[in-house]
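Just below is one structure, and these are the notes that go with it.
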Amino acid sequence: MEGSSCHIGGMTSVQAHSDDHTHHADHTGDNDHLNGIDHITIDPGMLYYGNTVVLLSTLNPDGTTNIAPMSSTWALGHTIVLGMGVGSRTATNLRERGEAVLNLPGVELWKQVERLGDTTGNTRGQVQHGHGSVPCADKFAAVGLDRQPSQTVSCDRVAQCRLQIEVRVVGAAPDADGHFLIAQTHVQMVHADPAIVVPGTSHVDPRLWKPLIYNFRHYHTLGSQVGESAITETPSA
C-alpha cells in the first residue's frame with residue numbers, strides 16, 4: 001500500500017528463501033486467527049501501537065538545536081505529518097522557525113532516546129509520564145550524540161542516525177481539543193548512511209535498515225521479513 005493507492009493482491013509471500021520451512025515455523029499459531037478473533041473491549045491509556053521513533057531537531061530562539069524524541073509521525077509521498085504536545089519546546093520552535101530535521105535512530109540508540117525523554121528544552125521543567133523532565137540546554141552532550149550541519153535548514157542533524165530528513169513546515173494547527181500541534185511538512189533533502197542504500201540507487205535496502213520502533217512504551221525493531229509489496233523497488237528475488 002502506498003498512500004491512497006491500494007493494490008489488490010499487492011502483498012505477496014516471499015517464495016525465494018531456501019529456508020522457507022523455518023520461515024513458516026517462526027509464525028506458528030498465526031493461522032489460528034484466520035477464522036476470526038473473539039475480541040474484548042479495552043480502554044488503553046495511550047495508543048503507541050508500533051510507530052517509528054524520530055529524534056526531531058528544531059531551532060531554538062538562541063540559534064542552538066533542540067532534539068526531542070517522538071513517534072507520532074507518518075509520511076505520504078514527500079509530505080510528513082508530525083504530532084506533539086502543543087506546549088512543548090519543539091512545537092514552539094516549529095511554529096516560529098518552520099523547519100526541522102527528522103533523525104531516524106536505529107535500535108542501537110534506544111538508551112539515548114529514552115534518556116532524551118527525561119529532558120526538556122523549555123526553561124522550566126515539567127512532569128511528564130510520571131518522571132521528571134529536566135531543563136537541558138545541550139541535549140546532544142547530555143546523551144552523547146554529535147551534531148552534523150544540515151544543508152537546507154538551520155538546525156543540526158544527529159550524526160549517529162542513519163537516516164536524516166530535512167523538512168520545512170507548510171502548515172500547522174492544534175488538534176480539535178487544543179492539546180496537540182499537528183504540523184504538515186515537506187521534505188527538502190534526505191541523507192542516508194551508504195551502508196543501508198542499494199548501490200547505485202536512491203533506494204533504502206529494507207534488509208539492512210532496522211528502525212527503532214516504539215510499541216506501547218517499549219522499544220523494538222523489525223523482525224524477519226514475512227512478505228513484500230508487489231510494487232516494491234527492492235524485491236527480494
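Numbering (the UniProt record's numbering), first residue to last: 1 to 237.
Glycine included, each C-beta is placed from N, C-alpha and C at the ideal position.
Computed from a predicted model, the values in this text were never measured in an experiment.
(Q) Judging by CA-CA distance, which residue of Leu102, Thr119, Thr58 and Ser71 is the nearest neighbour of Asn93? (A) On the sequence shown, residue 93 is found 93 positions in, with the first residue counted as 1. Measuring from the Cα of Asn93, the nearest candidate turns out to be Thr58.
(Q) Less than 6 Å between C-beta atoms, sequence neighbours within five positions excluded: which residues of the same chain meet that for Ser154? (A) Here the question's residue 154 lines up with position 154 in the sequence shown. Here the set comprises Leu59.
**Q.** CB of Ile67 within 8 Å of CB of Leu82, strictly
**A.** Position 67 of the sequence shown, counting from 1, holds the residue named residue 67. Position 82 of the sequence shown, counting from 1, holds the residue named residue 82. In this structure, Leu82 does not lie closer than 8 Å to Ile67 by Cβ.
(Q) Give me the residue from Arg89, Leu222 and Glu228 with the minimum Cα distance to Asn51. (A) In the sequence shown, the residue the question calls residue 51 occupies position 51. Of Arg89, Leu222 and Glu228, the residue nearest in Cα terms is Leu222.
Q) Where does the unbroken alpha helix (DSSP H) through Arg115 begin, and where does it stop? A) Residue mapping note: residue 115 aligns to position 115 of the sequence shown, counting from 1. Counting along the chain, the alpha helix (DSSP H) containing Arg115 begins and ends at Trp110 to Leu116.
**Q.** DSSP-derived helix/strand/coil call for Asn51
**A.** Residue 51 sits at position 51 when you count from the first residue of the sequence shown. Strand at Asn51.
**Q.** Residue(s) in a DSSP beta bridge with Pro174
**A.** Indexing the sequence shown from 1 puts residue 174 at position 174. Answer is Leu181, bridged to Pro174.
Q: Please check the pair Pro194 and Gly106, which I expect to be a contact at CB under 8 Å, by giving their CB distance rounded to whole angstroms.
A: Taking the sequence shown and counting its residues from 1, one reaches residue 194 at position 194. Taking the sequence shown and counting its residues from 1, one reaches residue 106 at position 106. 15 Å between Cβ atoms; not a contact.
Q | Endpoints, alpha helix (DSSP H) assigned at Leu94 | A | What you label residue 94 is simply residue 94 of the sequence shown in a count that begins at 1. It spans Arg89 to Arg97 - the alpha helix (DSSP H) in which Leu94 sits, taken as one unbroken run.
**Q.** Own chain residues within Cβ distance below 6 Å of His191, not counting five before or after
**A.** Here residue 191 corresponds to residue number 191 of the sequence shown, with the count starting at 1. Once the five neighbours on either side are set aside, the close Cβ partners of His191 are Gln164.
Q. When the Cα atoms are used, what is the spatial distance from Leu76 to Val187?
A. As a working mapping, residue 76 is identified with position 76 in the sequence shown. As a working mapping, residue 187 is identified with position 187 in the sequence shown. Cα-Cα distance, rounded: 11 Å.
Q) What residue from Arg217, Glu99, Ser88 and Phe216 has the CA that sits closest to Thr119's CA? A) Within the sequence shown, the letter at position 119 stands for residue 119. Among Arg217, Glu99, Ser88 and Phe216, the Cα nearest to that of Thr119 belongs to Ser88.
Q: Could you check if Asn103 is buried or exposed, using at least 16 other CB atoms within 10 Å of its CB as the buried criterion?
A: What you label residue 103 is simply residue 103 of the sequence shown in a count that begins at 1. When all chains shown are included, Asn103 counts as buried.
Q) Distance, Cα to Cα, His218 vs Trp110? A) On the sequence shown, position 218 is the one that residue 218 refers to. On the sequence shown, position 110 is the one that residue 110 refers to. Straight-line Cα distance between these residues: approximately 10 Å.
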